[in-house]
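Below: the structure, in structure tokens.
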Amino acid sequence: MSLCRASRLALNASLRAPLRTLVAGQTALRAAPCAAAIPRFAVSPRFHASTATQEKPAAAAAVPGGDATKLKLRTTIRFKIGDKVGALTDVLRELRQLNVDLTRIESRPREAGTYQFYLDFGARDEAQIDEICNHMRSFTEDLQVVSTGDMGLVSMQTAPWFPRKKSDMDTFAEKVMEYGDELDADHPGFTDPVYRERRAEITRIAKTYKYGQELPRIQYTAQETATWGIVYKKLTALYKTHACREHQYVLPLLEHNCAYAPDNIPQIEDVSRFMKESTGWTLRPVMGLLSSRDFLNALAFRVFHSTQYIRHHSQPLYTPEPDVCHELLGHVPLYADPDFADFSQEIGLASLGASDEDIEKLATIYWFTVEFGLCRQGDEVRAYGAGLLSSFGELEYCLSDKPQKVPFDPKLAATQKYPITEYQPLYFVAHSFKEMKEQVRDYAATMQRPFAVRYNALTESVEVLDTKDKTLRYAQNIKGELMRLISAIEKN
Ligand SMILES: [Fe+2]
Numbered sequence: 001m002s003l004c005r006a007s008r009l010a011l012n013a014s015l016r017a018p019l020r021t022l023v024a025g026q027t028a029l030r031a032a033p034c035a036a037a038i039p040r041f042a043v044s045p046r047f048h049a050s051t052a053t054q055e056k057p058a059a060a061a062a063v064p065g066g067d068a069t070k071l072k073l074r075t076t077i078r079f080k081i082g083d084k085v086g087a088l089t090d091v092l093r094e095l096r097q098l099n100v101d102l103t104r105i106e107s108r109p110r111e112a113g114t115y116q117f118y119l120d121f122g123a124r125d126e127a128q129i130d131e132i133c134n135h136m137r138s139f140t141e142d143l144q145v146v147s148t149g150d151m152g153l154v155s156m157q158t159a160p161w162f163p164r165k166k167s168d169m170d171t172f173a174e175k176v177m178e179y180g181d182e183l184d185a186d187h188p189g190f191t192d193p194v195y196r197e198r199r200a201e202i203t204r205i206a207k208t209y210k211y212g213q214e215l216p217r218i219q220y221t222a223q224e225t226a227t228w229g230i231v232y233k234k235l236t237a238l239y240k241t242h243a244c245r246e247h248q249y250v251l252p253l254l255e256h257n258c259a260y261a262p263d264n265i266p267q268i269e270d271v272s273r274f275m276k277e278s279t280g281w282t283l284r285p286v287m288g289l290l291s292s293r294d295f296l297n298a299l300a301f302r303v304f305h306s307t308q309y310i311r312h313h314s315q316p317l318y319t320p321e322p323d324v325c326h327e328l329l330g331h332v333p334l335y336a337d338p339d340f341a342d343f344s345q346e347i348g349l350a351s352l353g354a355s356d357e358d359i360e361k362l363a364t365i366y367w368f369t370v371e372f373g374l375c376r377q378g379d380e381v382r383a384y385g386a387g388l389l390s391s392f393g394e395l396e397y398c399l400s401d402k403p404q405k406v407p408f409d410p411k412l413a414a415t416q417k418y419p420i421t422e423y424q425p426l427y428f429v430a431h432s433f434k435e436m437k438e439q440v441r442d443y444a445a446t447m448q449r450p451f452a453v454r455y456n457a458l459t460e461s462v463e464v465l466d467t468k469d470k471t472l473r474y475a476q477n478i479k480g481e482l483m484r485l486i487s488a489i490e491k492n
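For the sequence shown, UniProt numbering gives the first residue as 1, with consecutive numbering after it.
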């Protein structure tokens, strides 16, 4: 998920997010935390976020702190404050008085009249964290410590927080920027109270999900299943001539193993188990619009945020956002392919602790590949992007001679502008998923991130390679794998 409303979540999300990111080192903050200062963007009528609409940090705040070399605990807290002129200024003044070493501050609009803030800062010890929190509770609401831990490398002190283990993603539920039951006026289900209540019901179920639990099973109605059936028949008729061979290979396996059928909407628990056995990827239910950063970070763990609600029955071949048809027919088949799975994880790994500018670029690469990518297979060009494989109209259009098609180059794709309300005028054509993976890995190496990370599949956690011991252990693991590889080659 997640650049769509839900998965727009995914990606999309953050990009069009009503999010201000204020990073220490920039200039002084001018805007008060009010709706006028932090405008909400219109919901994208397409699937995942648009970098074109990303809100740039309008201001910045740097709060003087102490000697960074003496700070040991990198801490993230969140709290709410009312929407009134000068409220944020008051918060920053208090932080200065507490001598807090603030490295990052983000704000997001919540229910009417309030804004939620996330603060990252360095602390000397637990006592200082308690002191700061106790003081701030006197003028904020619902203050909670989201995370705290060793700051490790000096370079990590100013890097945006990122999850280190899968359960850390449970905090994403508290950072959703739009919930799945918040529909725009032009959504086909906007005036249908029954549909809206159903969306709210499924959103509530997703909101309570925690890592390690069985994924929620939804009892879909006959009307919802009928909508799925229309989409299923229409799209599968096109796949033989338009979908990449990897998609065509996996879809029958999903029919055999996960009850994909025109008269049945598969359960994401069953689908996630299949993905886990195929490539180690899993699904997580998403309750709304995640930021691009959160959505992309999850990819590093081989986790994909998936919606569970379905488009409105009045327009079965149209949806302004990701829904269960988009996730299960567009995304899932590719995540069961080993090379595509590796490629997607590379984007996720590159996003961990990345700057806001690099997150925007990675989200755009995601847009032109995972959502709207084409690939060359033999003498033909086929679609592998989920936005194409779940859109009857664009799937035909993308392979016609109307749009421009250029070879995939992550450097070009990262900054390519694109529309979100109409078919894409330009597509990037990949040579292979294997090559794409190497290209994105090379691109990530050029990003200005002063530390390296790796995903430990055994512990399902992300390790920052910030000490000689960790790096040496990693090298020894690779050496062991190489020895096994050489042995296998010698025997063949
Ligand atoms: Fe998507």
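Backbone N, C-alpha and C fix where the C-beta goes; we use that ideal spot for every residue, glycine too.
Ligand 1 heavy atom lying under 7 Å from the CB of residue i
i      : result
GLU394 : no
GLU371 : yes
HIS326 : yes
GLY387 : yes
PRO322 : yes
HIS305 : no
HIS256 : no
HIS247 : no
HIS331 : yes
Nearest neighbour of residue i, chosen from the options [CA to CA]
i      : options                        : result
ILE81  : VAL91, LEU73, THR75, ARG74     : VAL91
PHE343 : GLN144, ILE478, LEU362         : LEU362
VAL329 : GLU321, TYR318, LEU254         : According to the sequence displayed, residue 329 carries Leu and not Val. Among GLU321, TYR318, LEU254, the Cα nearest to that of LEU329 is on LEU254.
GLU269 : CYS244, PHE304, PRO193         : PHE304
GLU126 : THR75, ALA159, LEU143, PHE172  : THR75
PHE372 : VAL324, TYR232, VAL429, SER400 : VAL429
SER278 : ALA261, ILE310, SER291, PHE340 : PHE340
ALA222 : CYS258, ILE310, SER292         : ILE310
PRO450 : VAL464, ARG204, ALA261, LEU102 : VAL464
PHE408 : SER390, THR421, PHE433         : PHE433
ALA413 : SER390, VAL370, LEU388, VAL453 : VAL370
TRP161 : CYS258, ASP142, THR203, GLY122 : GLY122
ALA336 : GLY353, ASP83, MET275          : MET275
LEU388 : CYS325, GLU435, LEU290         : CYS325
ALA173 : GLY288, TYR443, LEU119         : GLY288
SER461 : LEU215, PRO163, ILE230, VAL440 : PRO163
LYS405 : LEU215, LEU88, GLU380          : GLU380
ILE478 : ASN456, ALA300, LEU334         : ASN456
VAL194 : LEU334, HIS312, GLY385         : HIS312
LYS470 : VAL453, LEU482, HIS247         : VAL453
Whole-number beta carbon distance between residue j and residue i, since they are thought to touch under 8 Å
i      : j      : result
SER423 : LEU374 : Before going on, a small fix: residue 423 reads as Tyr here, not Ser. With 8 Å as the limit, TYR423 and LEU374 do not qualify as a contact, their Cβ atoms being about 13 Å apart.
ALA298 : MET169 : 6 Å
LEU296 : ILE347 : 6 Å
THR227 : PRO316 : 5 Å
TYR318 : PRO188 : 7 Å
HIS256 : ARG382 : Incorrect: roughly 23 Å between the Cβ atoms, too far for contact.
LEU238 : PHE392 : 7 Å
ARG78  : PHE117 : 7 Å
LEU119 : LEU102 : 6 Å
ILE359 : VAL440 : Not confirmed; about 14 Å, so no contact.
Residue i, enclosing alpha helix (DSSP H) - first and last residue
i      : result
TYR335 : 332-335
GLY229 : 222-242
GLY393 : 392-398
HIS247 : 245-257
PHE295 : 292-300
LEU412 : 410-413
LEU458 : Segment: none, LEU458 is in no alpha helix (DSSP H) and carries neither H nor E.
LYS207 : 193-207
ALA87  : 87-97
VAL406 : Taken as a continuous stretch (DSSP letters only), VAL406 belongs to no alpha helix (DSSP H), being part of the beta strand (DSSP E) at 404-407.
TYR443 : 433-445
ALA261 : Where ALA261 is concerned, there is no enclosing alpha helix (DSSP H), given that its DSSP letter is neither H nor E.
TYR418 : Counting along the chain, TYR418 falls outside any alpha helix (DSSP H), and DSSP gives it neither H nor E.
ILE268 : 268-279
GLN448 : GLN448 -> no alpha helix (DSSP H), and no H or E assigned at all.
LYS470 : 468-491
First and last residue of the uninterrupted beta strand (DSSP E) at residue i
i      : result
GLN116 : 114-123
ARG74  : 73-82
SER306 : 303-306
LEU426 : 426-430
THR282 : 282-285
Any C-beta of chain D under 8 Å from that of residue i
i      : result
ALA354 : This model lacks chain D altogether; it includes just one protein chain.
Original post:
Enumerated in chain order, which unbroken segments of the alpha helix (DSSP H) with a length of 4 residues or greater are wholly contained in the stretch 309-395?
Top reply: 332-335, 338-351, 356-366, 386-389
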